[in-house]
Each structure stands twice: as structure tokens, then as C-alpha cells.
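**Q**
Numbering (UniProt numbering), first residue to last: 1 to 309.
Shown next, in the form of C-alpha cells:
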């Protein structure tokens with residue numbers, strides 16, 4: 001991994017609305033452009049995300065999606081849809097004079113990368129994806145309604161116990177209603193329970209959940225905002241229905257064998273639709289980007305790609 005990469009450019013990109021997108025550019029100004037897409041929705045970028053890319057070879061572009069991280073305003077739901085995020089990638093790369101680029105994304109970042117590539121295949125040099133999330137209702141229900149409870153019953157029970165019996169029939173919508181309450185305490189309590197379920201189930205070795213209130217509110221509220229609205233996609237199986245658009249893009253898929261957040265079967269479903277894709281299951285890993293086997297495989301892929309473009 002490449003440590004201590006310092007951005008040579010950072011700032012905020014204006015949008016068509018009050019959203020301002022924070023971005024950073026580091027590495028080689030004339031290198032192969034790579035755009036890192038963080039997860040969530042509602043996650044954020046960090047200096048650790050630069051470490052996968054050789055700064056001598058890559059022009060590394062990292063940004064925080066609408067409503068989260070250093071982008072402002074925090075947690076704003078208005079004008080915050082998948083279409084807006086796709087437009088932001090277009091506008092940011094255009095502003096930086098980048099015509100074609102590698103997309104590197106995991107979890108929701110893999111979703112956004114795939115959707116962008118489906119709509120703008122001519123701009124994508126390669127897809128490097130981790131923890132495939134196809135955003136189908138069954139994928140969302142797996143974590144928030146039923147599925148993961150078979151492996152983490154005590155944590156799932158704790159998540160459900162925050163809701164009353166009627167609310168539990170549609171936990172996602174019920175949590176979203178609480179997280180968008182005008183009562184800040186109600187919103188934060190719900191967001192904490194909601195975010196903790198994903199955090200606790202993301203790694204093989206259970207780690208302490210993030211305790212930063214701003215991050216918790218952003219990732220929980222924005223995830224729920226997107227998922228109750230079917231991720232603002234025209235059909236439930238939108239990605240797999242449109243893989244013909246990206247069948248010629250070199251695609252690398254890395255997925256933890258014991259991923260409890262995004263089902264390993266999703267990676268296989270995608271791989272079968274993309275005959276030229278390469279699929280790697282990391283056998284001692286869950287969902288997290290930073291589990292050793294997963295991060296090493298992604299690093300190795302980026303080392304190979306720096307000699308291909």
C-alpha cells in the first residue's frame with residue numbers, strides 16, 4: 001500500500017443546487033485517472049482510500065458524495081438521487097479535464113460505478129469493484145428485514161427492538177421515518193441503531209461501531225433515503241438488465257466469501273452476466289474494504305492495471 005499521499009488539489013465543486021461537492025486530487029497529474037467511489041450512500045472518503053494507487057502512475061480523484069463527508073450541506077436529502085450522483089461524476093471529471101478513467105468502488109460504490117458505466121460506457125477504462133451491491137429489494141431486505149439475522153441474531157434483535165411491533169413489518173421505512181423526525185434525539189437514536197447493524201456485520205472479527213454523530217446520521221439517513229426510494233432506479237433489477245452496455249469494459253470483482261452485508265451470490269450473478277469479468281472471492285473476509293485479503297487483492301489489481309493503459 002502507498003502511504004502518505006498528499007493531495008495537490010482540493011476544493012468544492014458547485015452543483016445545480018445548494019449541494020457543494022468536496023474533492024481531492026493526488027498522485028501523477030498526467031497519470032491514469034482513477035475515480036474512487038465510497039460506499040453508503042452516506043459514507044465518506046479518507047486518506048486511506050488513496051493507498052491502493054501508485055502515485056507515480058495514477059491521477060487519484062476522490063470525492064464525498066452529496067450530503068456526506070466534507071460535502072455540504074450535511075444530510076441534505078433534496079436533490080440527492082442516483083441521477084444527481086452520476087451527474088456529479090460527469091461534472092467533476094469534466095472540470096478536472098479527465099475524459100476516460102478507471103472506476104474503483106465497493107458496496108454502494110460498486111452500485112454507483114456500475115450505474116455510471118451503464119450510462120456512460122465510453123468514459124470508463126475499467127471497473128474495479130468490491131462487495132457487489134446490486135440494489136435489488138432482496139439485497140436490501142437481506143440486511144434490514146430478514147437474512148442477516150440468521151448469522152447475527154442478537155444484534156438483529158437489538159436492531160428490531162428499537163421499533164414497535166407494527167413498525168417491524170417494514171423496518172427500513174420505519175427507521176427512515178424516525179431518522180427524518182424533527183426531534184434530533186429521536187433521529188440520532190434511530191440512526192445509531194440502524195448504522196450499527198451494518199457496522200457490526202461488516203467484518204469477520206466484530207469491531208466497535210463508529211461513534212461520530214455526524215457520520216452516523218449521514219450514513220444511516222442517506223442509506224434509508226435511497227433504499228426506501230428503490231435507489232431512484234427505473235426497475236428492481238436495473239443493473240443486471242443493462243449489463244450489455246458494459247460487457248466490453250474490463251471488470252474485476254472482489255468479494256468477501258463471508259460478506260454479511262452484500263451477499264456473495266450478487267458477485268456471482270454479476271460475473272455470469274459479464275463474460276469477460278474476473279471474479280475473486282477472498283476467503284477470509286467479510287464486507288470491509290480493509291480486511292487483509294480483500295485489500296491486498298484490490299491493491300494487486302491496481303498494480304497490474306497501471307501497465308495496461
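Glycine included, each C-beta is placed from N, C-alpha and C at the ideal position.
So residue 255 is in the beta strand (DSSP E); what residue range does that whole segment cover?
**A** 251 to 256
**Q** State the DSSP-derived secondary structure class of residue 313, mapped to helix, strand or coil.
**A** Here the chain has residues from 1 to 309 only, and residue 313 is not among them.
**Q** Name the residue from 233, 31, 113 and 120 whose alpha carbon lies nearest to the alpha carbon of residue 137.
**A** 233
**Q** When DSSP labels each residue in this structure, what does residue 105 get in the three-state scheme?
**A** strand
**Q** Output the boundary residues of the beta strand (DSSP E) element that contains residue 71.
**A** No beta strand (DSSP E) holds residue 71; DSSP gives it neither H nor E.
**Q** What is the residue span of the beta strand (DSSP E) that residue 13 lies within?
**A** 9 to 14
**Q** Whether or not the segment 283 to 302 and the segment 152 to 162 are in contact is what I'm after, with contact meaning three or more pairs of Cβ atoms, one per stretch, closer than 8 Å; do they touch?
**A** In this structure the segment 152 to 162 does not lie against the segment 283 to 302, because fewer than three pairs of beta carbons, one per stretch, are closer than 8 Å.
**Q** Is DSSP giving residue 128 helix, strand or coil here?
**A** Residue state, collapsed to three classes: strand.
**Q** Judging by CA-CA distance, which residue of 125, 120, 171 and 167 is the nearest neighbour of residue 145?
**A** 171
**Q** So if DSSP puts residue 144 in a beta bridge, which residue, or which two residues, is it bridged to?
**A** Its beta-bridge partners do not exist; DSSP assigns none.
**Q** Name the residue from 24, 64 and 48 whose alpha carbon lies nearest to the alpha carbon of residue 42.
**A** 64
**Q** Helix, strand or coil for residue 99, going by three-state DSSP, please let me know.
**A** coil
**Q** Tell me the rounded alpha-carbon separation between residue 260 and residue 251.
**A** 23 Å
**Q** Using DSSP's beta-bridge definition, name the partner residues of residue 156.
**A** Residue 156 pairs with nothing; no bridge assigned.
**Q** Hey, could you find the ends of the alpha helix (DSSP H) residue 261 is sitting in?
**A** Premise fails: residue 261 is in no alpha helix (DSSP H) and is neither H nor E.
**Q** Could you work out which residue in 58, 62, 66 and 105 is closest to residue 287 when comparing CA atoms only?
**A** Selected option, being the one with the closest Cα: 105.
**Q** Going by DSSP, which residues form a beta bridge with residue 37?
**A** 105
**Q** Residues bridged to residue 25 by DSSP?
**A** According to DSSP, which records beta bridges pairwise, residue 25 is partnered with 9 and 61.
**Q** Name, in chain order, the residues that DSSP records as bridge partners for residue 20.
**A** DSSP lists 14 and 72 as partners of residue 20.
**Q** Mind checking residue 239: buried by the 16 CB within 10 Å criterion, or exposed?
**A** buried
**Q** Return helix, strand or coil for residue 166, following the three-state DSSP convention.
**A** Here residue 166 sits in coil by DSSP.
**Q** Where does residue 100 land, buried or exposed, given buried means 16+ other C-beta within 10 angstroms?
**A** exposed
**Q** In chain order, what residues of the same chain have a beta carbon less than 6 Å from the beta carbon of residue 338, not counting five sequence neighbours either side?
**A** This structure cannot speak to residue 338, because the chain is shown only from 1 to 309.
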